[in-house]
Amino acid sequence: MNLGLKGKSAFIAGASSGLGLAVATALVREGCNVTFCSRNEVRIKKAADTILQHDWADPARVFPTVCDVTRESEIRRAIDRSVERFGGLHILLTNAGGPKTGFIDDFSAEDWKVGLELNLVSTINLCRHALPHLRRAAREDRHARILMLTSIAAKQPIGSLYLSNTSRAGVQGFAKTLSEEVGKDGITVNTLLPGFTRTERLQHLVDDLMAREGKTKEEVEAGWASQASLNRMGEPWEFAAAAIFLASEQAGFITGIALPIDGGYSKHVI
Numbered sequence: 550m551n552l553g554l555k556g557k558s559a560f561i562a563g564a565s566s567g568l569g570l571a572v573a574t575a576l577v578r579e580g581c582n583v584t585f586c587s588r589n590e591v592r593i594k595k596a597a598d599t600i601l602q603h604d605w606a607d608p609a610r611v612f613p614t615v616c617d618v619t620r621e622s623e624i625r626r627a628i629d630r631s632v633e634r635f636g637g638l639h640i641l642l643t644n645a646g647g648p649k650t651g652f653i654d655d656f657s658a659e660d661w662k663v664g665l666e667l668n669l670v671s672t673i674n675l676c677r678h679a680l681p682h683l684r685r686a687a688r689e690d691r692h693a694r695i696l697m698l699t700s701i702a703a704k705q706p707i708g709s710l711y712l713s714n715t716s717r718a719g720v721q722g723f724a725k726t727l728s729e730e731v732g733k734d735g736i737t738v739n740t741l742l743p744g745f746t747r748t749e750r751l752q753h754l755v756d757d758l759m760a761r762e763g764k765t766k767e768e769v770e771a772g773w774a775s776q777a778s779l780n781r782m783g784e785p786w787e788f789a790a791a792a793i794f795l796a797s798e799q800a801g802f803i804t805g806i807a808l809p810i811d812g813g814y815s816k817h818v819i
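Sequential numbering from 550 applies to the sequence shown in the working numbering.
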């Protein structure tokens, strides 16, 4: 299937590893011009090297940049640099690392503020600064997509993930509201809700549960896998495959949805 992504330009936040990097890699493979960012210069350059080791990767289409998404000025600068580099913006993927874990008495007011700024406010600001460029892309190329990477925890809260459960549920409300407003402009807005997928972030959760509950890594992962209909954990490339479809030309009539990519972990009916 031709996804109609060749020559389109994308901005991927939080892409030095894990799901963000998987999506950036898949988009480059489809012929996209991809700007991808991290607040850590060493890590984002390493991520670029990871993509460029493939013989299908065109260096001209790969633009790593440093951006702390909790700082609005850095978001503005990074998106402007991306548009200057590639001449426009067709696809935005919002993403950031997960906040700290714990239970209600483990968090201060400052912890709540930091968690909401990391996962909710950063998403809002990325969209705000990308929208003028996406509106132009919708008018000129009839291709403008916003994807927000959240978590299955937004629909089915996970114990000890108070900050993530709360902030990502906020993203869902923002996304649905935004989809209603910008649909008339030709921009689609969808959220992607990964389940337990093999990433660095998940390893941090494994370590946390090992320490809290005295379990082995194998026991923790087996417990998660057993809750999914497919009885296994996901891989980053599987998440990326769903993401690039929603970013594609063919997905132009899909907006306002929250798509679980979780192997059947979530048990809600709709």
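All residues carry an ideal CB built from backbone N, CA and C; glycine is no exception.
(request) Return the first residue and the last residue of the beta strand (DSSP E) that Cys586 is part of. (result) For the purposes of this step, residue 586 is identified with residue 37 of the sequence shown, where counting begins at 1. Cys586 -> beta strand (DSSP E) spans Asn582 to Ser587.
(message) To the nearest angstrom, how far is the alpha carbon of Ala693 from that of Tyr814?
(response) Stepping through the sequence shown from its first residue, residue 693 is reached at position 144. Stepping through the sequence shown from its first residue, residue 814 is reached at position 265. Straight-line Cα distance between these residues: approximately 30 Å.
(message) Do Leu742 and Ser700 have their beta-carbon atoms positioned less than 8 Å apart in this structure?
(response) By 1-based counting over the sequence shown, the position of residue 700 is 151. By 1-based counting over the sequence shown, the position of residue 742 is 193. Contact: yes.
(message) If you follow the beta strand (DSSP E) that Arg694 is in, where does it begin and where does it stop?
(response) Position 145 of the sequence shown, counted from the first residue, corresponds to residue 694. Arg694 to Leu698 is the extent of the beta strand (DSSP E) around Arg694.
(request) Report yes if the C-beta distance between Phe612 and Ser587 is below 8 Å; otherwise report no. (result) If you number the sequence shown from 1, residue 612 lands on position 63. If you number the sequence shown from 1, residue 587 lands on position 38. No, these two residues do not count as a Cβ contact at 8 Å.
(message) Going by beta-carbon coordinates alone, are Leu638 and Cys676 separated by less than 8 Å?
(response) Within the sequence shown, the letter at position 89 stands for residue 638. Within the sequence shown, the letter at position 127 stands for residue 676. No; because the gap between Cβ atoms is not below 8 Å, this pair is not in contact.
(message) Can you find the residues in the same chain that come closer than 8 Å, C-beta to C-beta, to Ala596, ignoring five residues on each side of it along the sequence?
(response) Counting from 1 along the sequence shown, the entry for residue 596 is found at position 47. When the five nearest sequence neighbours on each side are left out, the beta carbons in the same chain lying within less than 8 Å of the beta carbon of Ala596 are those of Ala564, Ser565, Ser566, Leu570, Ala573, Phe585, Ser587 and Pro613, in order along the chain.
(request) Out of Phe802, Ala718 and Ala777, point me to the one whose CA is closest to Met697's CA. (result) Taking the first residue of the sequence shown as 1, we reach residue 697 at position 148. Ranking Phe802, Ala718 and Ala777 by CA distance to the CA of Met697 puts Ala718 first.
(message) Whether or not the segment 663-670 and the segment 701-718 are in contact is what I'm after, with contact meaning three or more pairs of Cβ atoms, one per stretch, closer than 8 Å; do they touch?
(response) yes
(request) Name the one or two DSSP bridge partners that Phe612 has. (result) The sequence position of residue 612 within the sequence shown is 63, counting from 1. DSSP output for Phe612 lists Thr584 as bridge partner(s).
(message) Taking only three categories from DSSP, how would you classify Ile701?
(response) Your numbering for residue 701 matches position 152 in the sequence shown. Ile701: helix per DSSP, three-state reduction.
(request) Give the secondary structure of Thr650 by DSSP, where H, G and I count as helix, E and B as strand, and everything else as coil. (result) If you number the sequence shown from 1, residue 650 lands on position 101. Note: Thr650 maps to coil in three-state DSSP.
(request) Within 10 angstroms of the Cβ of Asn551, are there 16 or more other Cβ atoms? Answer buried if so, exposed if not. (result) Translated into positions along the sequence shown, residue 551 becomes position 2. Answer is exposed; the Cβ neighbour count stays below 16.
(message) Taking the straight line between their C-alpha atoms, what separation do you get for Gln705 and Arg625?
(response) Here residue 705 is taken as the residue at index 156 of the sequence shown, counted from 1. Here residue 625 is taken as the residue at index 76 of the sequence shown, counted from 1. Taking the straight line joining both Cα atoms gives about 33 Å.
(message) Taking the alpha helix (DSSP H) that Leu710 belongs to, which residues open and close that run?
(response) Within the sequence shown, numbered from 1, the residue matching residue 710 stands at position 161. For Leu710, no alpha helix (DSSP H) encloses it, and the DSSP letter there is neither H nor E.
(message) What does DSSP give as the partner residue(s) for Pro743 in the beta ladder?
(response) Looking up residue 743 in the sequence shown gives position 194. Pro743 pairs with Ile810.
(request) At 3 residues or longer, and completely inside the segment 748-813: list those beta strand (DSSP E) runs for me, N to C. (result) Within the segment 748-813, the runs of beta strand (DSSP E) at least 3 residues long that lie entirely inside it are, in chain order, 807-810.
(request) Out of Gly580, His603, Asp617 and Phe652, point me to the one whose CA is closest to Ile593's CA. (result) Taking the sequence shown and counting its residues from 1, one reaches residue 593 at position 44. Nearest C-alpha to Ile593: Asp617.
(request) For Gln799, collect the residues of the same chain with a Cβ closer than 8 Å to its Cβ; drop the 5 residues on either side in sequence, then sort them by chain order. (result) As a first step, residue 799 is located in the sequence shown; it is residue number 250 there, counting from the start. The answer, listed in chain order, is Met550, Leu552 and Gly553.
(message) Using DSSP's beta-bridge definition, name the partner residues of Phe723.
(response) For the purposes of this step, residue 723 is taken as the residue at position 174 of the sequence shown. Paired residues: none, contrary to the question.
(request) State the start and end residues of the unbroken beta strand (DSSP E) segment that holds Ile561. (result) Walking along the sequence shown from the start, residue 561 turns up at place 12. From DSSP, the beta strand (DSSP E) with Ile561 extends over Ser558 to Ile561.
(message) For Trp786, tell me which candidate among Ile810, Ala627, Gly772 and Trp661 has the shortest Cα-Cα distance.
(response) The residue labelled residue 786 in the question sits at position 237 within the sequence shown. Looking at the Cα atoms, Ile810 is the closest of the given residues.
(message) Please report the distance separating the alpha-carbon of Ala562 from that of Ile628.
(response) What you label residue 562 is simply residue 13 of the sequence shown in a count that begins at 1. What you label residue 628 is simply residue 79 of the sequence shown in a count that begins at 1. Cα to Cα, the separation comes out at about 10 Å.
(request) Go ahead and pull the three-state DSSP assignment for Trp552. (result) Here residue 552 refers to the residue found at position 3 of the sequence shown. Before going on, a small fix: residue 552 reads as Leu here, not Trp. Note: Leu552 maps to coil in three-state DSSP.
(message) According to DSSP, simplified to helix, strand and coil, what is Ile819?
(response) To locate residue 819, count along the sequence shown from 1; it is residue 270. In the structure shown, Ile819 sits in coil (DSSP, three-state: anything other than H, G, I, E or B).
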